[in-house]
Amino acid sequence: MTLSTRDTAAHILAHGLRNQWHPVVPSDFVKPGGLRKVTALGEDWLLFRRADGTLSMLADRCPHRGAPLSLGKHLGDRVACWYHGVEVDGSGTVTAVPGLPGCNLEGKTLVTSLPVREVGGAILAYFGDEEHPEPADLTLPEPLTDPGISAILCYAEWNVPWRFAMENLLDPMHGAFLHHESHTMYDGDTQAKFRIRETERGYFFEKTDQRGVNFDWVELCRTGVDWVDLSIPYPPSAGPGGPFGIVGMACPVDAERTGVFFWRYRNVSDWQRDTWRFLYKTLIEERHWEVLEQDRVMLEAMPADADQQENLYQHDLGVVRLRRLYQAQARQQSKAGAADPAA
1 MTLSTRDTAA HILAHGLRNQ WHPVVPSDFV KPGGLRKVTA LGEDWLLFRR ADGTLSMLAD
61 RCPHRGAPLS LGKHLGDRVA CWYHGVEVDG SGTVTAVPGL PGCNLEGKTL VTSLPVREVG
121 GAILAYFGDE EHPEPADLTL PEPLTDPGIS AILCYAEWNV PWRFAMENLL DPMHGAFLHH
181 ESHTMYDGDT QAKFRIRETE RGYFFEKTDQ RGVNFDWVEL CRTGVDWVDL SIPYPPSAGP
241 GGPFGIVGMA CPVDAERTGV FFWRYRNVSD WQRDTWRFLY KTLIEERHWE VLEQDRVMLE
301 AMPADADQQE NLYQHDLGVV RLRRLYQAQA RQQSKAGAAD PAA
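According to the UniProt record's numbering, the sequence shown is numbered sequentially starting from 1.
Structure representation (structure tokens):
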């Protein structure tokens with residue numbers, strides 16, 4: 001199993017960009033001593049965790065006959081295939097062939113193993129092609145690593161292309177319409193002008209005439225993993241911590257499904273942290289799921305070719321910029337001379 005430069009640019013754009021990190025699933029999906037099959041970038045993988053918490057991610061294919069390792073048995077630091085008992089460790093190396101001890105498969109690294117990191121309650125993995133097997137430099141989002149910030153992860157899987165999920169985040173104006181009846185985005189002007197402001201790690205897409213009222217700005221950050229940062233104003237009744245921040249990421253499950261990750265965060269510590277987390281779990285979280293459900297319903301109702309029959313205007317500059325970045329990267333990662341990935 002290899003993410004290959006032989007794939008067309010269209011295939012890469014549909015199934016997920018390579019040579020970077022992607023979120024996969026929440027950390028608690030894989031308990032100590034557990035196995036879990038996942039799909040990411042259109043391919044099947046196995047996550048397994050040792051009793052000490054060490055996590056490994058392997059291609060879900062036994063090197064012997066291609067049977068799924070996820071149906072196998074957890075042996076502590078390795079997995080035994082259910083089909084013929086072949087044992088594979090976390091590096092993808094065959095450690096034993098019980099049916100033929102000393103077999104030449106033993107000691108060979110025959111299963112793809114991905115580098116993994118865990119942050120903010122999520123598992124990130126590096127997906128490289130055959131020319132870029134070593135993991136790219138990774139700078140994690142500050143709100144997920146700053147001890148003065150408390151972040152809570154919300155995860156869902158949507159039946160939408162991953163690009164649509166990312167484009168939705170680079171479209172602040174939809175908040176004033178799609179989410180107008182929500183508890184936080186009912187205020188502010190429904191007319192606006194936007195600008196793109198470049199940064200060292202990506203760009204801001206922001207309103208020029210309104211800030212701190214609604215979903216007024218978003219920053220795309222490309223730091224080895226793609227993520228967005230945005231802020232939603234919150235009333236004092238929602239507890240301490242000022243504006244409500246969101247870090248968003250998307251995992252391309254396959255060409256039609258996306259895992260969405262949203263960390264809701266506030267700048268709080270000590271008793272204020274406890275207050276914020278209590279209010280979130282008892283009062284605010286349900287409301288936030290209602291907003292996410294509005295996004296899901298809209299995006300899942302969009303036709304697959306929605307981005308092929310559009311008439312865009314100034315508010316779509318952030319989306320257009322994102323598409324150009326991703327299309328250029330997909331072409332760069334393909335040596336197949338593929339057709340335009342947007343076609």
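Idealized CB from N, CA, C, for every residue including glycine.
Rounded to the nearest whole angstrom, the C-alpha separation of D89 and V225 is 27 Å. The DSSP-derived three-state label of Y83 is coil. For S334, DSSP records no beta bridge to any residue.
Annotated as distal: P233 and T275, with beta-carbon spacing of 8 Å or more. The beta carbon of S27 sits closer than 7 Å to the beta carbons of E118, G121, A122, I123 from its chain, once the five residues preceding and following it are set aside; these are given in chain order. For Y126, the pairing in a beta bridge is given by DSSP as W21.
The Cβ atoms of C103 and C81 lie no closer than 8 Å to each other.
With respect to the 8 Å criterion, L110 and G318 are not classified as neighbours on the basis of their beta carbons. Inter-segment contact for the stretch 159 to 166 and the stretch 254 to 263 is present: three or more beta-carbon pairs are separated by less than 8 Å. Of the other Cβ atoms in all chains shown, 16 or more fall within 10 Å of the Cβ of Y265; this residue is therefore buried.
Using a 10 angstroms sphere on the CB of I196, the tally of other CB atoms stays under 16, which defines it as exposed.
Under a 10 Å Cβ-count criterion, P243 is classified as exposed, with fewer than 16 other Cβ atoms of the shown protein chains found around its own Cβ. Bounds of the beta strand (DSSP E) holding T258 are 258 to 266. DSSP places A156 in the uninterrupted beta strand (DSSP E) bounded by 150 to 158. In the three-state scheme derived from DSSP, where H, G and I count as helix and E and B as strand, K31 is classed as coil.
Contact between G248 and V228 holds: CB atoms are separated by about 5 Å, below the 8 Å threshold.
For a cut-off of 8 Å, the C-beta gap from E206 to D216 is around 7 Å, short enough to register as a contact. According to DSSP, T109 shares a beta bridge with T93. T5 is positioned such that its CB atom lies closer than 8 Å to that of S334. Runs of beta strand (DSSP E) with 3 or more residues, each lying fully within the stretch 211 to 249, are found at 217 to 222, 226 to 232, listed in chain order. When C-beta atoms of the stretch 299 to 307 are compared with those of the stretch 276 to 291, fewer than three pairs fall below 8 Å, so the two segments do not count as touching.
Setting aside the 5 residues that flank it on each side, L17 is surrounded in the same chain by Q329, each with a C-beta closer than 6 Å to its C-beta; the list follows chain order. Assignment of beta-bridge partners to A59 by DSSP yields W45. K37 and S70 have their alpha carbons spaced roughly 6 Å apart. If you draw a straight line from the Cα of A136 to the Cα of R273, it comes to about 33 Å.
If the five residues before and after P98 are omitted, its C-beta is found closer than 7 Å to the C-beta atoms of G85, all from its own chain and listed in chain order. Ranked by how close their Cα comes to the Cα of L140, the residues S231, V94, W21, M173 have W21 in first place.
For R277, the enclosing alpha helix (DSSP H) starts and ends at 270 to 279. When secondary structure is reduced to three states using DSSP, A40 falls in the strand class. Here the alpha carbons of H11 and V24 stand approximately 19 Å from one another. Counting C-beta atoms within 10 angstroms of its own C-beta, S56 has 16 or more neighbours from the protein chains shown and is therefore classed as buried. For D7, the number of other beta carbons within 10 angstroms of its own is at least 16, and it is reported as buried.
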